[in-house]
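Structure record follows, encoded as structure tokens.
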Amino acid sequence: MASEELVLVDTSVWIESFRTDGDERIRRHLAELILTDRAAWCEIVIIELLNGIRSEMETKKLKEYIEEIHKLPITDGVWAEGRKLIQRCRMKGYTIPVTDIVIASCALYHNVSLEYRDRHFDYIFKEVL
48 MASEELVLVD TSVWIESFRT DGDERIRRHL AELILTDRAA WCEIVIIELL
98 NGIRSEMETK KLKEYIEEIH KLPITDGVWA EGRKLIQRCR MKGYTIPVTD
148 IVIASCALYH NVSLEYRDRH FDYIFKEVL
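Rendered as structure tokens:
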């Protein structure tokens, strides 16, 4: 599969889809990405999700996905991209959480789109880049 077809799914989207009262449109879109084998994540997203799990149902869902979802590696190239990105954000006056910098850098480095529901990524992609 060509990497441009993959979509790096941010923690915010996974959380919204796991919520019982979550946005149905987001849940359907994520399900479509999974069913079409286009969903991807990186280890930091998995770690964030594990940190926020509140129920056995969420644990079970996450464990089912861990082996199925494409995993984008956080390589030295991703870290280099992150160093550049965080400096650009600071020069524009934005303080972005390091986890979001790493996730955005992973998407940029691997040349995939990023699905998110977090305003920090709006700052990065609409105002910094």
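Letter by letter, the sequence shown follows residues 48 to 176 of this note's numbering.
The beta carbon of each residue, even a glycine, is placed where N, CA and C say it ideally should be.
Keep in mind that this is a model prediction, so the values were computed, not measured.
For residue i, the residue or residues it bridges with in DSSP
| i | result |
| --- | --- |
| residue 161 | 55 |
| residue 167 | BP columns for residue 167 are empty, so no partner. |
| residue 86 | 54 |
| residue 118 | 88 |
Delimiting residues of the alpha helix (DSSP H) encompassing residue i
| i | result |
| --- | --- |
| residue 112 | 103-113 |
| residue 131 | 123-138 |
| residue 71 | 71-82 |
| residue 93 | 90-99 |
Environment of residue i [buried if 16+ CB atoms lie within 10 Å]
| i | result |
| --- | --- |
| residue 52 | exposed |
| residue 150 | buried |
| residue 103 | exposed |
| residue 57 | buried |
| residue 55 | buried |
| residue 94 | exposed |
8 Å Cβ cutoff met for residue i and residue j
| i | j | result |
| --- | --- | --- |
| residue 163 | residue 59 | yes |
| residue 128 | residue 152 | yes |
Is there contact between the segment 109-120 and the segment 133-146, where contact requires at least three CB pairs shorter than 8 Å?
no
Counting Cβ pairs, one atom from each stretch, are 3 or more of them under 8 Å apart for the segment 114-125 and the segment 151-169?
yes
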